[in-house]
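J.: For the sequence shown, our numbering begins at 149 and goes up steadily by one. C-beta atoms are modelled at their ideal positions from N, C-alpha and C, and glycine is treated no differently. Since the structure is predicted, the reported quantities are computational estimates derived from the model, not experimental observations. I have a structure I would like to understand better, so I am pasting it below and will then ask my questions one at a time.
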Amino acid sequence: MDSKTSCSQLSSPWPRDSRCLIQRLAQEAEREFAGSNGNNGNKKKPGKASSSPSESSSRRQSHEGRSLSDTIVVSEEEQILDDSYDQFSRTFHMVLLDPNYDIFTSPKRLGSIIYKIAQRTLIVVGDPLCSNDNLQAILEELRQFRRARRLKLAFMGVSESFLDFATKKGWSSFKFGCERVINPLNNEVLNKKSGKRMLGQNRQLLDPKRGGLKIGIYVPSATGINRQLERSLEQLYTNWCGTKHDRGMRNTQAFITAYDIFSQRTKTAFLYTTDAHGDICGMAMLRQLGVEAGFHVDPCIASADAPKGTTDLLMVTAMQILRRAEISYLSLGVEPCMALKEESKQLGMSDRLANAAYRKVTNYDKVVGKKTYNDKFHPDPSLQSNLYVVFPKAVFPLQEALAIMKVAHIRLKHIFA
Numbered sequence: 149m150d151s152k153t154s155c156s157q158l159s160s161p162w163p164r165d166s167r168c169l170i171q172r173l174a175q176e177a178e179r180e181f182a183g184s185n186g187n188n189g190n191k192k193k194p195g196k197a198s199s200s201p202s203e204s205s206s207r208r209q210s211h212e213g214r215s216l217s218d219t220i221v222v223s224e225e226e227q228i229l230d231d232s233y234d235q236f237s238r239t240f241h242m243v244l245l246d247p248n249y250d251i252f253t254s255p256k257r258l259g260s261i262i263y264k265i266a267q268r269t270l271i272v273v274g275d276p277l278c279s280n281d282n283l284q285a286i287l288e289e290l291r292q293f294r295r296a297r298r299l300k301l302a303f304m305g306v307s308e309s310f311l312d313f314a315t316k317k318g319w320s321s322f323k324f325g326c327e328r329v330i331n332p333l334n335n336e337v338l339n340k341k342s343g344k345r346m347l348g349q350n351r352q353l354l355d356p357k358r359g360g361l362k363i364g365i366y367v368p369s370a371t372g373i374n375r376q377l378e379r380s381l382e383q384l385y386t387n388w389c390g391t392k393h394d395r396g397m398r399n400t401q402a403f404i405t406a407y408d409i410f411s412q413r414t415k416t417a418f419l420y421t422t423d424a425h426g427d428i429c430g431m432a433m434l435r436q437l438g439v440e441a442g443f444h445v446d447p448c449i450a451s452a453d454a455p456k457g458t459t460d461l462l463m464v465t466a467m468q469i470l471r472r473a474e475i476s477y478l479s480l481g482v483e484p485c486m487a488l489k490e491e492s493k494q495l496g497m498s499d500r501l502a503n504a505a506y507r508k509v510t511n512y513d514k515v516v517g518k519k520t521y522n523d524k525f526h527p528d529p530s531l532q533s534n535l536y537v538v539f540p541k542a543v544f545p546l547q548e549a550l551a552i553m554k555v556a557h558i559r560l561k562h563i564f565a
């Protein structure tokens, strides 16, 4: 597929970067793998590229026209979402790839909002995709949309920038996590000042006589759609999600989502590993971010029979490619806090109850485990930022809090267990 075919002829209120991040990534990955163990060495050749949508993309297209990846002519609403995402997206906008979330598009073309409805509450997920100057105006448009449906309002996973806006309005806010970020341009692992054991293991995995793994990259917006490869990657992801469900993790981990991984092909790239038989055994999806001009890596997974260290190999390879592309922002996603932190006033009784409930459903071992895993890649402390839940009220609102819990997969039975 021609990378330009996703852009309609509609005029855009936002300037486009003449050198798209995803194209830079593809070009530098090709150089990184040139003469090494990339796609060309795989025993099982990828299928022929196709310019038509896959079954996965067709499902997204039927979901209120949200697929922008494979359409030559798009609607005005799709174009607004596409443009506002390209400029204003952050890590928590990962839910764009989840078909269970909906999109509000500004009638005045101010931007877009990703949301989900629960408990008669519209929950905005991530910052509104618009400029700070248009924030008040787009929320007023959203208020009219909510009023017609009698919906309350809450915000989940918003940034420190949005918190400034909320604080000026006297809204309640709680810090629930932080985003940790690798700077590939100045990273201790890539500079070989740390992680020597991990780097040695990576070399062993790539040794044809030992690990026998090979690395490839799939950038559908640059190379065209490869249905055979997509089926293999999607099967790996489905199996991984199934394993989490079988272990009960789907019901105990908060703030997680399930992706339709090929629903936004113009914004994603896929690193993958193949074993000695040419079978795919690992995958890391890289999603383009607008505000920080970087990428978010999630998921980074391996099959049940993949060699130990496969995900480390994928992560370090992603870091190396971004360094070649001179991209300084690779988000590792959200690390939940062990307790909510109220930002604006002293804790009242309802706030303390909310904190107790949050601690009850937050698995200490999993939080510590995620932090330990992220630590070995040496994120840049200067790039770390906090994430918040915000309620447009001065006191803790029960109905909106229950809605947040439902969207975040927090069940009441886990609180009172």
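Have a look at Asp427 and Leu311 and give me their C-alpha separation to the nearest angstrom.
T.: Approximately 46 angstroms between the Cα atoms of the pair.
J.: I think Phe525 touches Met463, with their Cβ atoms under 8 angstroms apart; what is that distance to the nearest whole Å?
T.: Phe525 to Met463, Cβ: 6 angstroms. Contact.
J.: Where do the ends of the beta strand (DSSP E) carrying Asp250 lie?
T.: Its beta strand (DSSP E) spans residues Asp250 to Thr253.
J.: Taking Phe303 as the reference, give the member of Phe324, Gln292, Ala296 and Asn387 with the closest Cα.
T.: The option with the nearest alpha carbon to Phe303 is Phe324.
J.: Who are the near neighbours of Asp423 in its chain, counting only those whose CB is closer than 7 angstroms to its CB and skipping five residues on each side?
T.: The residues are Gly360, Leu361 and Cys429.
J.: Between the Cα of Pro276 and those of Phe240, Lys518, Arg375 and Leu434, spot the shortest distance and give me the residue it belongs to.
T.: If we check each option's Cα against that of Pro276, Phe240 comes out closest.
J.: Cβ atoms of Val329 and Gly527: under 8 angstroms apart, would you say?
T.: According to the sequence shown, residue 527 is Pro rather than Gly. The answer is yes: Cβ separation under 8 angstroms.
J.: For Cys448, name the three-state secondary structure that DSSP assigns.
T.: In this structure, Cys448 counts as strand in the three-state DSSP scheme.
J.: For Thr315, name the three-state secondary structure that DSSP assigns.
T.: Of the three classes helix, strand and coil, the one that applies to Thr315 here is helix, per DSSP.
J.: Would you kindly work out how many angstroms separate the C-alpha atoms of Lys90 and Leu384, rounded to a whole number?
T.: Outside the modelled stretch of the chain, which goes from 149 to 565, sits residue 90, for which no answer is possible.
J.: Hey, Leu470 and Gly305: beta-carbon distance below 8 angstroms or not?
T.: The answer is no: Cβ separation not under 8 angstroms.
J.: Report the rounded CA-to-CA distance for Phe313 versus Thr386, giving the unit in angstroms.
T.: Roughly 39 angstroms separates the two Cα atoms.
J.: When DSSP labels each residue in this structure, what does Arg268 get in the three-state scheme?
T.: If DSSP states are grouped into helix, strand and coil, Arg268 belongs with coil.
J.: Starting from Gly348, trace the alpha helix (DSSP H) in both directions and tell me its first and last residue.
T.: Segment Lys344 to Leu354, the alpha helix (DSSP H) holding Gly348.
J.: Roughly how far, in whole angstroms, is the beta-carbon of Glu327 from the beta-carbon of Val439, given that I think they are within contact range, below 8 angstroms?
T.: The Cβ separation is near 11 angstroms, so there is no contact.
J.: Please determine, among Ile409, Phe322 and Asn350, the residue with the shortest C-alpha to C-alpha distance to Leu377.
T.: Among Ile409, Phe322 and Asn350, the Cα nearest to that of Leu377 belongs to Ile409.
J.: What is the residue span of the beta strand (DSSP E) that Ile475 lies within?
T.: No beta strand (DSSP E) contains Ile475, which DSSP labels as neither H nor E.
J.: Within the same chain, show all residues whose beta-carbon is closer than 7 angstroms to that of Gln494, passing over the 5 residues directly before and after it, in chain order.
T.: With a pLDDT of 48 at Gln494, under the threshold of 50, the modelled position of that residue is not reliable, and the figure given next carries that caveat. Once the five neighbours on either side are set aside, Gln494 has no close Cβ partner at all.
J.: Since Ala417 is in the beta strand (DSSP E), which residue starts that stretch and which ends it?
T.: Ala417 -> beta strand (DSSP E) spans Thr416 to Thr422.
J.: Could you work out which residue in Asp523, Met467 and Gln532 is closest to Glu176 when comparing CA atoms only?
T.: When only C-alpha atoms are compared, the closest one is Met467.
J.: Is the beta carbon of Ala174 closer than 8 angstroms to that of Val367?
T.: For Val367 and Ala174, yes; Cβs fall inside 8 angstroms.
J.: Does the distance from the C-beta atom of Asn280 to that of Gly259 stay below 8 angstroms?
T.: No, the Cβ-Cβ distance between Asn280 and Gly259 is not below 8 angstroms.
J.: What number of angstroms, rounded off, separates the C-alpha of Leu381 from the C-alpha of Glu474?
T.: So the two alpha carbons sit approximately 27 angstroms from each other.
J.: Report the residue from Tyr521, Gln412 and Ala296 whose alpha carbon sits nearest the alpha carbon of Cys448.
T.: When only C-alpha atoms are compared, the closest one is Tyr521.
J.: Taking 8 angstroms as the cut-off, decide whether the C-beta atoms of Arg375 and Ser307 are in contact.
T.: The answer is no: Cβ separation not under 8 angstroms.
J.: Terminal residues of the continuous beta strand (DSSP E) containing Ser232?
T.: Taken as a continuous stretch (DSSP letters only), Ser232 belongs to no beta strand (DSSP E), being part of the alpha helix (DSSP H) at Glu224 to Phe236.
J.: May I have the straight-line CA-CA distance separating Phe539 from Ala285, to the nearest angstrom?
T.: One C-alpha to the other measures close to 18 angstroms.
J.: Given this structure, state the Cα-to-Cα distance separating Ile228 from Lys264, to the nearest angstrom.
T.: About 19 angstroms.
J.: Go ahead and label Glu226 buried or exposed: buried means 16 or more other beta carbons lie within 10 angstroms of its beta carbon, across all protein chains shown.
T.: By the 10 Å Cβ count, Glu226 comes out buried.
J.: Using a 10 Å radius around the Cβ and a threshold of 16 neighbouring Cβ atoms, would you call His444 buried or exposed?
T.: Classification for His444: buried.
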